[in-house]
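A.B. asks: At position 27 of the sequence shown the residue is numbered 104 (our numbering), and the sequence of numbers has no breaks.
Below is a structure I'd like to ask you about.
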Amino acid sequence: MTPLALRPVSRALADASRLLGRGRWLEYPLRGAMARLSLSPLIEADRLASDDHAWTTLDSAQGPLHLTHADAVLSLFGEVPVVTGGPLQGWYWQYVNQHLSPPLAALLAPLEPWAQADNDHAGHFACRLAVHGADESVHARLACDAQTLVRLLDALPWQAIEQPLPEDWPLPIPLLLGELSLTLNELRSLRPGDVLLPGRAYFDCAGHGVMHLATQTWRVATGVANDTLFVQLNHEETLHDGQ
Numbered sequence: 078m079t080p081l082a083l084r085p086v087s088r089a090l091a092d093a094s095r096l097l098g099r100g101r102w103l104e105y106p107l108r109g110a111m112a113r114l115s116l117s118p119l120i121e122a123d124r125l126a127s128d129d130h131a132w133t134t135l136d137s138a139q140g141p142l143h144l145t146h147a148d149a150v151l152s153l154f155g156e157v158p159v160v161t162g163g164p165l166q167g168w169y170w171q172y173v174n175q176h177l178s179p180p181l182a183a184l185l186a187p188l189e190p191w192a193q194a195d196n197d198h199a200g201h202f203a204c205r206l207a208v209h210g211a212d213e214s215v216h217a218r219l220a221c222d223a224q225t226l227v228r229l230l231d232a233l234p235w236q237a238i239e240q241p242l243p244e245d246w247p248l249p250i251p252l253l254l255g256e257l258s259l260t261l262n263e264l265r266s267l268r269p270g271d272v273l274l275p276g277r278a279y280f281d282c283a284g285h286g287v288m289h290l291a292t293q294t295w296r297v298a299t300g301v302a303n304d305t306l307f308v309q310l311n312h313e314e315t316l317h318d319g320q
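And the structure:
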């Protein structure tokens with residue numbers, strides 16, 4: 078038998094993947110309204126698409142961040158438009174940091190283009206980044222090392238992106254009517270139309286009984302309408318051993 082080969086994953090990468098999950102979002106005040114910053118994993122289409130984006134590397138309080146569409150993203154982080162190109166001007170980035178939305182200032186400041194100008198994001202943890210303001214939105218990608226992402230997600234109370242289950246989601250569950258034991262010869266002798274009487278019945282002749290759902294036991298009633306069996310769960314109860 079060929080042993081299963083698993084890709085080694087560092088503790089930091091595992092922690093970052095667990096914290097990100099389906100995605101995280103954070104609301105913050107922006108120009109008299111509320112904006113939302115969200116991070117989510119890359120989908121398969123992202124991984125297959127060619128990476129021809131222009132990346133900008135920023136130094137932040139949590140560590141270096143590699144970002145696409147940096148000007149558009151950062152302009153939705155605060156009160157002033159942001160331009161990352163050109164020579165690094167200390168006074169300008171001090172001004173930008175002073176006008177960041179307070180939650181993002183607490184998360185990222187001091188924020189400025191990385192003086193080393195290293196835009197190589199290969200080998201970093203990459204994810205989708207989206208910012209939705211009152212009347213404008215931007216979609217980009219963020220890449221950083223796993224420890225930096227863990228610090229980003231630990232620094233503020235991010236909310237998990239949840240997808241509610243559809244109301245019409247079918248959940249097939251077998252309805253166990255009873256239990257009995259048959260020998261192999263008895264099984265072989267069964268024919269269509271044979272009537273079996275379980276040694277342990279979970280329902281009576283009126284259709285009342287108990288139904289086991291995972292670790293829970295419910296008192297139920299059954300009924301038939303238009304050739305469809307309906308099961309009504311009345312209440313959960315704890316049954317004693319042997320009952």
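Note that beta-carbon positions come from the ideal geometry of N, C-alpha and C, so glycine has one too.
Remember, it's a predicted structure, so these values are computed and weren't measured experimentally.
Taking contact to mean at least 3 C-beta pairs separated by less than 8 Å, is the segment 234-253 in contact with the segment 151-159?
C.D. replies: no
A.B. asks: Measure the alpha-carbon distance for Trp-102 versus Leu-96 and round it to whole angstroms.
C.D. replies: 12 Å
A.B. asks: When the Cα atoms are used, what is the spatial distance from Ala-183 to Leu-229?
C.D. replies: 11 Å
A.B. asks: How many angstroms separate the CA atom of Gly-270 from the CA atom of Glu-263?
C.D. replies: Separation of Gly-270 and Glu-263 (C-alpha to C-alpha, rounded to the nearest whole angstrom) is 15 Å.
A.B. asks: Helix, strand or coil: which one does DSSP assign to Gln-139?
C.D. replies: coil
A.B. asks: By Cβ distance below 6 Å, which residues in the same chain neighbour His-209 in space, the five residues on each side in sequence not counted?
C.D. replies: Arg-113
A.B. asks: Tell me whether the beta-carbon of Ser-117 lies closer than 8 Å to the beta-carbon of Ile-238.
C.D. replies: Their beta carbons are under 8 Å apart, which means Ser-117 touches Ile-238 by this criterion.
A.B. asks: Round the Cβ separation of Phe-280 and Leu-254 to the nearest angstrom and send it over; I've been treating them as touching at under 8 Å.
C.D. replies: With a Cβ gap of about 6 Å, Phe-280 and Leu-254 count as contacting.
A.B. asks: Rounded C-beta distance between Met-288 and Val-301? I'm assuming under 8 Å.
C.D. replies: Rounded, the Cβ-Cβ distance is 16 Å, inconsistent with contact.
A.B. asks: Indicate whether the contact test is met: 3 or more Cβ pairs, each with one atom in the segment 130-145 and one in the segment 103-112, closer than 8 Å.
C.D. replies: no
A.B. asks: Out of curiosity, what's the CA-to-CA distance linking Thr-299 and Gln-240?
C.D. replies: 32 Å
A.B. asks: Since I believe Ala-217 is in contact with His-143 (beta carbons under 8 Å), could you give me their beta-carbon distance rounded to a whole number of angstroms?
C.D. replies: In fact, because the Cβ distance is near 10 Å, the residues do not count as touching under 8 Å.
A.B. asks: Does the separation of the CB atoms of Gly-100 and Ser-115 fall below 8 Å?
C.D. replies: The answer is yes: Cβ separation under 8 Å.
A.B. asks: Short of 6 Å in beta carbon distance, which residues of its chain neighbour Arg-372, apart from the five on each side in sequence? Order them along the chain.
C.D. replies: Because the chain is modelled from 78 through 320, residue 372 falls outside the range shown and cannot be assessed.
A.B. asks: For Thr-225, I'd like the list of residues in its chain whose CB is within less than 6 Å of its CB, leaving aside the five on either flank, ordered along the chain.
C.D. replies: Gln-139 and Gly-140
A.B. asks: Determine the direct distance from the alpha carbon of Val-215 to that of Gln-171, and round the result to whole angstroms.
C.D. replies: 24 Å
A.B. asks: Tell me the rounded alpha-carbon separation between His-176 and Val-227.
C.D. replies: 25 Å
A.B. asks: On a Cα-Cα basis, can you pick out the residue from Leu-181, Glu-189 and Gly-286 that is closest to Leu-165?
C.D. replies: Glu-189
A.B. asks: Just to confirm my understanding: we take Val-285, look at its own chain, exclude 5 residues before and 5 after, and list those with CB closer than 7 Å. What are they?
C.D. replies: Contrary to the premise, residue 285 reads as His rather than Val in this sequence. Closer than 7 Å at Cβ, skipping near neighbours: Ala-298.
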